[in-house]
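Heads up: the sequence lines are chains A and B, in that order.
Residues in the first sequence are numbered from 13 upward in steps of one, following this note's numbering.
Residues in the second sequence are numbered from 384 upward in steps of one, following this note's numbering.
For each residue, glycine too, the CB sits at the ideal point set by N, CA and C.
In this text the structure is predicted, and so the values were computed from the model without any measurement.
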Amino acid sequence: MTDILMPALSPTMTEGTLAKWLKKVGDEVKSGDVIAEIETDKATMEVEAVDEGTLTEILVAEGTEGVAVNAVIARLNGGSEAAQPAPAPKAEAPAPAAPARPQKTAATAREPVEKEWGATKTMTVREALREAMVAEMRADKDVFLMGEEVAQYQGAYKISQGMLDEFGPRRVIDTPITEHGFTGMAVGAAMNGLKPILEFMTFNFAMQAIDQIINSAAKTLYMSGGQMGASIVFRGPNGAAARVGAQHSQCFASWYAHCPGLKVVAPWSAADAKGLLRAAIRDPNPVIFLENEILYGHSFEVPEDEDFILPIGKAKVEREGSDVTIISFSIMVDTALKAAEVLAEQGISAEVINLRTIRPLDIETIAASVKKTSRVVSLEEGWPFAGIGAEIIAVVTEHCFDWLDAPPARVAGVDVPMPYAANLEKLALPQPDWVVDAVKKLF
Amino acid sequence: MAASPDRARKTTAKKPASAMDRDELLDAYGHMLLIRRFEEKAGQLYGMGLIAGFCHLYIGQEAVVIGMQHCLKDGDEVITSYRDHGHMLATGMDPKGVMAELTGRSGGYSRGKGGSMHMFSKEKGFFGGHGIVGAQVSLGTGIAFSNWYRQNDSVCLTYYGEGASNQGQVYESYNLASLMKLPVVFIIENNRYAMGTSVERATASTDLSHNGQPWGMPSLAVDGMDVLAVKAAGELAVAHCRAGKGPFLLEMKTYRYRGHSMSDPAKYRTREEVQKMRAEHDCLDSAKKKLEELGVSEAELKTLDDNIKARVQAAAEFAQASPEPDPAELYTDVLVEG
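What follows is the structure in structure tokens.
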């Protein structure tokens, strides 16, 4: 008689849920058979039998929560005395003699990319953006904020509230409604060594100025052989807000990400917003900083450390999973996390990647995840054609082709200008169930 | 027709007084001649296939940039369009580095990656070299903004053609500069043709010196073929900016002898018109005549001419001898690393 014990998924795991029995009493079990699934709050794993025999007894019913590690969950007869099923996360399954494709990599294989910043406080994305600008303007007198209504009005979305009082009218500057002109002016100031933060009331209006962003800001360093560039941040809300119609509801991520000479950042949480905006302001290159109006009022935990900053170019795994990778950015990270919840209820463990930076794209984090899960869905609010999803899927295909169990899938906004009507707008923007459906088609 | 000095008329600014002594005029003449000879050589190298792509020659307009440069001091800035070789030489950039950029060689100011339209020199305060018509006007306003922000007394000269003067962002820049009192001299080089479209066919109001009036910007129309008139007007404009009084607009009435770029059908103006301008209004001829009146000898002028020819020849030789950029250069300078 051999006892089968509750395995530990990680050194810190003390208990878990016995989600499902895949064998019943009386079944013959061979070495390597998956006999059960267990879950923690982070992941699902399969319990494989090590020894052969007949399952004689199931001591813990499926669905039982809080099962202690090393508790006896079942008994097997006919095995050797040493029989003990090893915890066998999917990722560590023994390789077949002649693998048809590369091994999935272990969940623990990735290096942590983010420094531990200690204690946090709750704040909105709006406050986080303001704190980032204030901190950088206090530290560097070449940094200034310019845009429509940033000063006396206190910001069209109140991002710059109070900044005029602290920094005065030479560093917090209201402009007329003249995007082409003031964008060129800001880029010229940057070419002469200042570090402007240029706020667009929304990125839709930056289209009036896109020539200066691409032709002047992004290309000058190259055209000058490295002599002269532009350390400048172009920031403001991007993408759909709510019920504002076609001209005010567009995602520009793929427009800017297309262009060498630019960095493109799209924060989701308040920590993203603060840490990445500080990095963007310090960056010697032009940075497109795509915010989201709906997220401005959302609250998150943000490290209190006054040096808190995040690296541009590093994605974050917001939720670990083993069956599918959902890759998203900005407000769609919310949608991805909601979809992952629903999928978990259905027994599918989804990993959610928050890109944080669109360009340069963190291919390393994407590839590590997809090699682990073997399935990938990209999720964005913008249009599908030549979108960020197209790029992600190209990258995944190039880097992870042999690991894929299903064709990469993308979920994107519907390929139409944004409608005004509430029902139509909802139909145009990705919803969690779109992601759930897309994921389930991969299995 | 380009304006004669008596047509340079007051709009909202005082009429300038003329001023260059013998030595200064000789210096100005030498620099105008350098541009003329440099551009002739560039045209020649283009014909030999050593320069490619776009090549917009400045021949005929030399007095504008040289007269204005004589109004500047260290720390002032210059920005212009794609017809930029003259401006670079005026700021003191090395003809060798400019010519080697035209031939796309590693010895060029942008190491061969910019070309005729895209050269820069932080050291000389030259901010390019811009290929998008009118874009340099907002950029120049921003360079002036940085002077305002730093509260120094530097002035940015922002050059553009009469064609660019129809661009929306040019008017946006007039407004911004006037509103914020930025130290920028807007200099319209009105050479009468935007490619092949004459100013009369492009602009409903052909007196471009009026363009600053809605914003209360002082402005002058200037005989841009006369380096003395240019300098006199430039002194007024630059002093106005340096004093913190805001922008100033100068319409330089000038003329280009060559085509818009190298392939120009020349169907939009008559040969006689070009010949008449060269014969009656050439900036080098009039400056030379004044120098002779001031007692500069033929021999002195000949020596100057020989020195300039030698400098241009050396630049041409350097531009052909300088190696092409290393293939690895393809990937450098896209982003500042680190």
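So if I threshold CB-CB distances at 8 Å, which residues from the segment 211 to 230 of chain A count as touching chain B?
ASP223, GLN224, ASN227, SER228
Within the chosen definition, does the segment 655 to 675 of chain B reach the segment 587 to 603 of chain B through at least 3 CB pairs nearer than 8 Å?
no
Quick one: does PRO468(B) have its CB under 8 Å from some CB of chain A?
The amino acid occupying residue 468(B) in the given sequence is His; Pro does not appear at that position. Using a CB distance cut-off of 8 Å, HIS468(B) does not count as an interface residue toward chain A.
So, is ILE85(A) buried or exposed, given that buried needs 16 or more other C-beta atoms within 10 angstroms?
When all chains shown are included, ILE85(A) counts as buried.
Hey, THR347(A) and LEU391(A): beta-carbon distance below 8 Å or not?
yes
I'd like to know if PHE528(B) contacts chain A, where contact means its C-beta is closer than 8 Å to some C-beta of that chain.
yes
Which chain A residues are close to LEU558(B), counting only those with a beta carbon under 9 Å from its beta carbon?
It should be pointed out that residue 558(B) corresponds to Asn in this sequence rather than to Leu. Residues of chain A passing the Cβ test: PRO188, THR190, GLY193.
Would you tell me roughly how many angstroms separate the C-alpha atoms of ASP317(A) and LYS127(A), rounded to the nearest one?
12 Å
For chain A, check one thing: does any of its Cβ atoms lie closer than 8 Å to the Cβ of VAL621(B)?
no
Please classify GLN358(A): does DSSP put it in a helix, a strand, or coil?
coil
Starting from ILE434(B), find everything on chain A with Cβ-Cβ shorter than 8 Å and list it in chain order.
None at all; the shortest Cβ gap to chain A is about 17 Å.
Counting only Cβ pairs nearer than 7 Å, list the residues of chain A close to ARG494(B).
GLY237
Would a C-beta distance cut-off of 8 Å place CYS454(B) and GLU618(B) closer than the cut-off?
yes
Would you identify the three-state DSSP class for GLN259(A), choosing helix, strand or coil?
DSSP, read as helix, strand or coil, puts GLN259(A) in helix.
Between the beta-carbon of HIS664(B) and the beta-carbon of TYR640(B), is there less than 8 Å?
Cβ atoms of HIS664(B) and TYR640(B): not closer than 8 Å.
Would you kindly work out how many angstroms separate the C-alpha atoms of ALA98(A) and TRP33(A), rounded to a whole number?
Unreliable placement is indicated for ALA98(A), whose pLDDT of 45 sits below 50; no coordinate value is reported for it.
Assuming contact is defined by CB atoms lying nearer than 8 Å, are PRO298(A) and TYR169(A) in contact in what I supplied?
no
Indicate the three-state DSSP secondary structure (helix, strand or coil) for ALA327(A) in the structure shown.
coil
Counting only beta-carbon separations shorter than 8 Å, does GLY78(A) have a partner in chain B?
no
Exposed or buried, which one is PRO630(B) when buried takes at least 16 other CB atoms within 10 Å?
buried
Determine, using beta-carbon pairs with one atom in the segment 507 to 519 of chain B and one in the segment 214 to 228 of chain A, whether at least three such pairs fall under 8 Å.
Yes: at least three Cβ pairs fall under 8 Å.
Using beta-carbon positions only, say whether SER370(A) and ILE400(A) come within less than 8 Å of one another.
A small fix is needed here, since residue 370(A) is Ile in this sequence, not Ser. Yes.
To test your reading of the DSSP string, which unbroken alpha helix (DSSP H) runs of 4 or more residues are found completely within the segment 607 to 653 of chain B?
610 to 625
Using the beta-carbon count (16 or more within 10 Å), is HIS270(A) buried or exposed?
exposed
From this set, GLY490(B), THR524(B), MET578(B), which residue's C-alpha is nearest HIS192(A)'s C-alpha?
Closest option to HIS192(A), Cα to Cα, is THR524(B).
Starting from GLU555(B), find everything on chain A with Cβ-Cβ shorter than 7 Å and list it in chain order.
THR190, HIS192, GLY193
Output needed in chain order: residues of the segment 295 to 316 of chain A with a Cβ under 7 Å from some Cβ in chain B.
PRO296, ASN297
Please report the distance separating the alpha-carbon of GLU104(A) from that of SER261(A).
With a pLDDT of 41 at GLU104(A), under the threshold of 50, the modelled position of that residue is not reliable, and the figure given next carries that caveat. Taking the straight line joining both Cα atoms gives about 45 Å.
Between the C-alpha atoms of ASN89(A) and ARG368(A), what's the straight-line distance to the nearest angstrom?
52 Å
Taking all protein chains shown into account, do 16 or more other C-beta atoms lie within 10 angstroms of the C-beta of MET500(B), making it buried, or fewer, making it exposed?
buried
Roughly how many angstroms lie between the CA atoms of LEU302(A) and PHE215(A), to the nearest whole one?
Approximately 8 Å, taken between the alpha carbons.
Leaving out five residues on either side along the sequence, give the residues of the same chain with a beta carbon under 7 Å from the beta carbon of TRP395(A).
ALA424, GLY425, ASP427
Once the 5 residues before and after LEU632(B) are set aside, which same chain residues still bring their CB inside 6 Å of it?
PHE569, GLY595, MET600, SER602
Quick one: is VAL719(B) buried, meaning 16 or more other Cβ sit within 10 Å of its Cβ, or exposed?
By the Cβ neighbour-count rule, VAL719(B) is exposed, with fewer than 16 other Cβ atoms within 10 Å of its own.
I want to see whether chain A comes within less than 8 Å of GLY490(B), judged by CB atoms only; does it?
no
Tell me whether MET135(A) sits in a helix, a strand or coil according to DSSP, three-state version.
strand
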